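Per my numbering, residue 3 is the first one in the sequence shown, and the count goes up by one each step.
Beta carbons: idealized from backbone N, C-alpha and C, even for Gly.
Keep in mind the model is a prediction, meaning the values are calculated, not measured.
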Amino acid sequence: MSHHGSARPATASRSPALNGRVRMPGDKSISHRSFMFGGLASGETRITGLLEGEDVMRTGEAMKAMGAAIEKRGNEWIIQGTGNGCLLEPAAPLDFGNAGTGSRLTMGLVGTYDMTTTFIGDASLSKRPMGRVLDPLREMGVQVIDAAPGDRMPLTLRGPRQAAPIAYRVPMASAQVKSAVLLAGLNTPGVTTVIEPVMTRDHTEKMLKGFGASLEVETDRDGVRHIRIEGQGKLSGQVIAVPGDPSSAGFPLVAALIVPGSDIIIENVLMNPTRTGLIATLLEMGASIELVNPRNAGGEDVADLRVRSSELKGVTVPAERAPSMIDEYPVLAVAASFAEGETVMLGLEELRVKESDRLAAVARGLAANGVDCTEGKDTLAVRGVPGGKNLGGGTVTTHLDHRIAMSFLVMGLAAEKPVTVDDQTMIATSFPEFMGLMTGLGGKIGEAD
């Protein structure tokens, strides 16, 4: 059941060639951080292109609850920040809905303040493990004074009078854990260091430097990154143009590859190399993806993508690519369902702790629609059927997971038989424009009968 009330199933059916131009909504990771850092900085921050999905709005509400002034004027968001070190204790629990990024990063941000903060979320978020963020915070002096079993929400943090800086080696490839520790370091005297053996998306480091934080990154001979942030410095308001979300771009991109005769342009896609694993993998599979008008916007690489339907071939996706495409495996599995031969994805353990057990949900959804696949502990093998013959006809259980819902609706556009998802309401958390954008290209998606 959806956290919005009753579930609303949706069905996608085999579609004619997709055509047209679409512009991606703003990147979710950068949108969360824009609200957070703008709310924390001194002075005014102005943001255009912000993703106005529910998850990001929850982060904005949390920053308002702690003293930031945030309002929308026209198509621009204007923030008057509190100043670093000056957040106020929220009067009520911070409700993050389904927002894993917003909640984990905010735990880092507020944990080192001498105040008490309670975090709550929906049924899906309340199942997700928060210990990976709370462990380093505990080392800095933060107390978890109340939590559901297994360090889950609802949980309450009590900050120390003065936090202690730490050097923390991140035990898994997680941009959220890295970011939470760096944000905790903002209100901690001295230098806080994060040691990152496997590089993950680096928006936090780039944006904190842009806001004026004293932060440096060193990569040693073994490729291990050492990120040092000096606490209690000044952050100043900035002007931010949020580039388009590459994770959201994955849906029309894969749809155009698998629906015969398609030729589309996806505008304004973030091309940060820590986020382009899906594109790299699809190119290896034989996809026709052309980068048009590559440019730099606000310190990030951006391009338009021309995508044409392609005959894909199975590949092996190495484990070390996982951090650069962790949210895109569900839609890659759909692409693999239409490829010739076997696609093997390795190093997927992080998918077990997303909005759902995403690995199990993908495997079950594929099987329900006639795809031959094998789920391992941290692997998925998909044996494709070019042309989608005999695929489809099933109903997919989404487990309140927006990416499962969107991925399988993409599948229905090219499968022989329609594909139904049990709920579409949670798509609004990350990509509210999805249904309209896909139907605008010619996709046959709508409410299930």
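> Does the beta-carbon of residue 263 have 16 or more other beta-carbons within 10 angstroms, so that it is buried, or is it exposed?
Replying inline: Along the sequence shown, one-based indexing puts residue 263 at 261. Classification for residue 263: exposed.
>> Let's see if you can read the secondary structure: which residues bound the alpha helix (DSSP H) around residue 156?
In response: By 1-based counting over the sequence shown, the position of residue 156 is 154. Per DSSP, residue 156 belongs to no alpha helix (DSSP H); it is in the beta strand (DSSP E), 154-160.
> Can we say the segment 190-208 touches the segment 158-172, given the rule of at least three CB pairs closer than 8 Å?
Replying inline: Verdict: yes, contact present.
> With 16 other CB atoms within 10 Å as the buried threshold, where does residue 341 fall?
Replying inline: Along the sequence shown, read from residue 1 onward, the residue named residue 341 stands at position 339. It counts as buried.
> To the nearest angstrom, how far is it from the Cα of residue 431 to the Cα of residue 232?
Replying inline: Stepping through the sequence shown from its first residue, residue 431 is reached at position 429. Stepping through the sequence shown from its first residue, residue 232 is reached at position 230. Cα-Cα distance, rounded: 34 Å.
> For the segment 443-450 against the segment 11-19, are there 3 or more C-beta pairs whose distance is under 8 Å?
Replying inline: Contact holds: three or more Cβ-Cβ distances are below 8 Å.
> Looking at C-alpha atoms only, which residue of 273, 75, 89 is the closest neighbour of residue 32?
Replying inline: Your numbering for residue 32 matches position 30 in the sequence shown. Nearest C-alpha to residue 32: 273.
>> Going by the DSSP bridge assignment, what does residue 13 pair with across the sheet?
In response: Counted from its first residue, the sequence shown places residue 13 at position 11. Residue 13 is bridged to 422, 448.
> Under three-state DSSP, which class holds residue 258?
Replying inline: For the purposes of this step, residue 258 is identified with residue 256 of the sequence shown, where counting begins at 1. Three-state DSSP puts residue 258 in a helix.
> For the putative contact between residue 417 and residue 438, defined by C-beta atoms under 8 Å, what is the C-beta separation to the nearest angstrom?
Replying inline: Here residue 417 is taken as the residue at index 415 of the sequence shown, counted from 1. Here residue 438 is taken as the residue at index 436 of the sequence shown, counted from 1. Going by Cβ atoms, the distance from residue 417 to residue 438 rounds to 22 Å, so no, they are not a contact pair.
> Any idea what DSSP makes of residue 382, helix, strand or coil?
Replying inline: On the sequence shown, position 380 is the one that residue 382 refers to. Here residue 382 sits in strand by DSSP.
>> Just to confirm the assignment: which complete alpha helix (DSSP H) runs, minimum length 4, are found wholly within the segment 157-225?
In response: If we require 4 residues or more, the alpha helix (DSSP H) runs fully inside the segment 157-225 come out as 177-188, 205-212.
> Helix, strand or coil: how does DSSP classify residue 318 here?
Replying inline: Taking the sequence shown and counting its residues from 1, one reaches residue 318 at position 316. Here residue 318 sits in strand by DSSP.
>> Using a Cβ-Cβ distance cut-off of 8 Å, determine whether residue 203 contacts chain D.
In response: Among the chains in the structure shown there is no chain D, since it carries only a single protein chain.
> Start and end of the alpha helix (DSSP H) containing residue 57?
Replying inline: As a working note, residue 57 is residue 55 in the sequence shown. Counting along the chain, the alpha helix (DSSP H) containing residue 57 begins and ends at 56-67.
> Where in the segment 16-52 do unbroken runs of the alpha helix (DSSP H), each at least 4 residues long, occur, reported from the N-terminal end onward?
Replying inline: Counting only unbroken stretches of 4 or more residues, the alpha helix (DSSP H) elements lying wholly within the segment 16-52 are 30-42, in sequence order.
>> I'd like to confirm something about residue 261: is its beta-carbon nearer than 7 Å to some heavy atom of the ligand ADP, or not?
In response: The ligand ADP is not part of this structure, which contains no ligands at all.
>> According to DSSP, simplified to helix, strand and coil, what is residue 328?
In response: The residue you call residue 328 lines up with position 326 of the sequence shown. Of the three classes helix, strand and coil, the one that applies to residue 328 here is coil, per DSSP.
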